[in-house]
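Read the structure below first, then the notes.
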Ligand SMILES: C[S@@+](CC[C@H](N)C(=O)[O-])C[C@H]1O[C@@H](n2cnc3c(N)ncnc32)[C@H](O)[C@@H]1O
């Protein structure tokens with residue numbers, strides 16, 4: 020008996036859709052205490068026992084799985100095909116009559132939630148979270164463990180912060196903790212938050228020495244409610260985060276609250292010029308909040324900062340220093356139209 024359903028995923032080409040799907044499949048199975056080893060010889064296991072295996076593995080095109088339960092073997096196939104600017108995923112499964120227990124479970128618990136989340140809006144939200152708004156999974160760990168395209172921004176931020184060993188720095192939305200790592204080289208102390216469990220774990224790995232030395236703490240927390248006392252930090256930073264923040268004045272008030280008088284806040288954001296480019300592609304671009312320079316100043320003043328200004332630094336030298344290829348330097352890091360550096364004082 021064969022059954023099939025299909026779902027269209029807009030704005031995501033088949034190869035990316037396939038990778039995303041494999042990531043999600045691993046995560047969903049993990050929730051049910053199963054392990055999925057991807058690849059042409061991949062298997063699904065639970066406590067070491069094999070429940071299924073990969074029959075066909077064609078990245079970007081198809082994955083077929085064999086699923087076994089009580090001597091009943093079923094087959095499930097996911098096919099990915101280009102559909103306009105997106106992908107049509109076709110899920111079909113074959114099972115012997117009256118034997119839908121484990122395959123039915125698989126289809127209901129794993130495949131269906133994925134497929135039903137694949138409506139334009141849900142899928143866009145899910146992908147935005149996974150990639151940037153609340154990153155998780157192996158791909159996100161790789162990206163934020165070595166955030167190549169953010170490194171020019173980090174240089175500009177550190178230049179503006181001018182840290183010394185007497186500073187106590189707060190970072191909001193630390194991702195994989197690379198900026199923290201660079202900042203700590205000044206000899207300062209630091210604390211950071213991120214609301215992604217995966218990013219907090221990664222940032223802790225990246226900064227294990229500073230954590231062990233008691234110079235750093237990293238907490239899983241939301242930017243709108245910082246788990247720190249009033250007036251303790253000499254400076255604060257946030258980069259690539261405020262585009263995701265639903266209440267920017269509220270979040271800035273939190274930064275303001277935790278800063279000492281005279282404390283400085285440096286915040287890096289991308290301008291609308293990058294909206295929809297490879298630096299901020301769909302479906303993420305339309306889910307981000309974008310601000311004009313004057314609007315950022317206004318937010319900071321509303322949040323209580325005594326003074327605020329926005330600079331638009333030229334990043335091409337920093338981008339070369341970070342080892343980015345010349346075409347990327349020219350396209351995204353030359354001129355000052357792409358970035359905003361808010362510098363606010365309490
Ligand atoms: C695009 S990543 C940037 C990470 C890092 N700052 C960098 O530049 O590489 C955005 C980060 O902000 C975090 N984030 C977004 N909204 C947040 C919130 N409301 N509270 C705490 N962290 C948040 C995400 O989990 C993610 O790690």
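Residue numbers (this note's numbering): 20 to 365. Beta carbons: idealized from backbone N, C-alpha and C, even for Gly. Quantities reported herein were computed from a predicted structural model and do not represent experimental measurements.
Taking the alpha carbon of residue i as the point to measure from, which residue in the options has its own alpha carbon closest?
i: residue 167; options: 356, 348 and 354; result: 348
i: residue 43; options: 95, 156 and 87; result: 156
i: residue 87; options: 78, 68, 99 and 98; result: 68
i: residue 248; options: 301, 200, 316 and 187; result: 187
i: residue 181; options: 197, 255, 221 and 112; result: 255
i: residue 58; options: 171, 65 and 73; result: 73
i: residue 148; options: 334, 306, 293 and 250; result: 306
i: residue 71; options: 93, 51 and 78; result: 93
i: residue 160; options: 174, 215 and 108; result: 215
i: residue 145; options: 310, 40, 286 and 79; result: 40
i: residue 143; options: 281, 344, 105 and 346; result: 105
i: residue 154; options: 175, 75, 259 and 274; result: 259
i: residue 230; options: 293, 196, 340 and 109; result: 196
i: residue 340; options: 304, 173 and 200; result: 173
i: residue 80; options: 63, 66, 109 and 62; result: 109
i: residue 285; options: 235, 302, 271 and 360; result: 360
i: residue 366; options: 291, 25, 277 and 198; result: Only positions 20 to 365 of the chain appear in this structure, which leaves residue 366 out of reach.
i: residue 96; options: 314, 37 and 209; result: 37
i: residue 262; options: 358, 53, 98 and 324; result: 358
i: residue 338; options: 83, 171, 158 and 165; result: 171
i: residue 362; options: 277, 46, 49 and 271; result: 271
i: residue 107; options: 346, 25 and 343; result: 25
i: residue 162; options: 221, 77 and 51; result: 221
i: residue 325; options: 282, 199 and 176; result: 282
i: residue 77; options: 65, 66, 60 and 91; result: 60
i: residue 294; options: 311, 278 and 280; result: 311
Buried or exposed: residue i, going by 16 or more other Cβ atoms within 10 Å of its Cβ?
i: residue 28; result: buried
i: residue 354; result: exposed
i: residue 352; result: buried
i: residue 213; result: buried
i: residue 151; result: buried
i: residue 185; result: exposed
i: residue 227; result: exposed
i: residue 217; result: buried
i: residue 267; result: buried
i: residue 192; result: buried
i: residue 244; result: exposed
i: residue 297; result: exposed
i: residue 321; result: exposed
i: residue 178; result: exposed
i: residue 328; result: exposed
i: residue 204; result: exposed
i: residue 119; result: At residue 119, the pLDDT of 49 sits below 50, so the modelled position is not reliable and the matter cannot be decided from this model.
i: residue 183; result: exposed
i: residue 117; result: Reliability of the predicted coordinates at residue 117 is poor, the pLDDT of 47 falling under 50, and the value obtained from them is presented with this limitation in mind. Residue 117 comes out exposed.
i: residue 257; result: buried
i: residue 232; result: exposed
i: residue 273; result: buried
i: residue 365; result: buried
i: residue 252; result: buried
i: residue 288; result: buried
i: residue 55; result: buried
i: residue 33; result: buried
Output the boundary residues of the alpha helix (DSSP H) element that contains residue i.
i: residue 173; result: 170-180
i: residue 303; result: Note, residue 303: premise wrong, no alpha helix (DSSP H); not H, not E.
i: residue 37; result: 33-50
i: residue 162; result: 157-164
i: residue 201; result: 197-203
i: residue 333; result: Where residue 333 is concerned, there is no enclosing alpha helix (DSSP H), given that its DSSP letter is neither H nor E.
i: residue 230; result: 227-231
i: residue 346; result: 345-351
Got a sec, what are the start and stop residues for the beta strand (DSSP E) residue i sits in?
i: residue 279; result: 278-289
i: residue 254; result: 252-258
i: residue 69; result: 68-77
i: residue 311; result: Note, residue 311: premise wrong, no beta strand (DSSP E); not H, not E.
i: residue 213; result: 208-213
i: residue 294; result: Premise fails: residue 294 is in no beta strand (DSSP E) and is neither H nor E.
i: residue 99; result: 91-102
i: residue 152; result: First-last for residue 152: undefined, no H or E at that position.
Report yes if the C-beta of residue i is less than 7 angstroms from at least one heavy atom of ligand 2; otherwise report no.
i: residue 327; result: In the structure shown, ligand 2 is absent; the only ligands present are ligand 1.
Item to complete: Could you name the residues whose beta carbon sits closer than 5 angstroms to any heavy atom belonging to ligand 1, keeping them in chain order?
Response: Chain-ordered, the residues whose CB falls short of 5 angstroms from any heavy atom of ligand 1 come out as 151, 153, 166, 169, 192, 194, 213, 214, 215, 218, 241, 242, 258, 259, 260 and 263.
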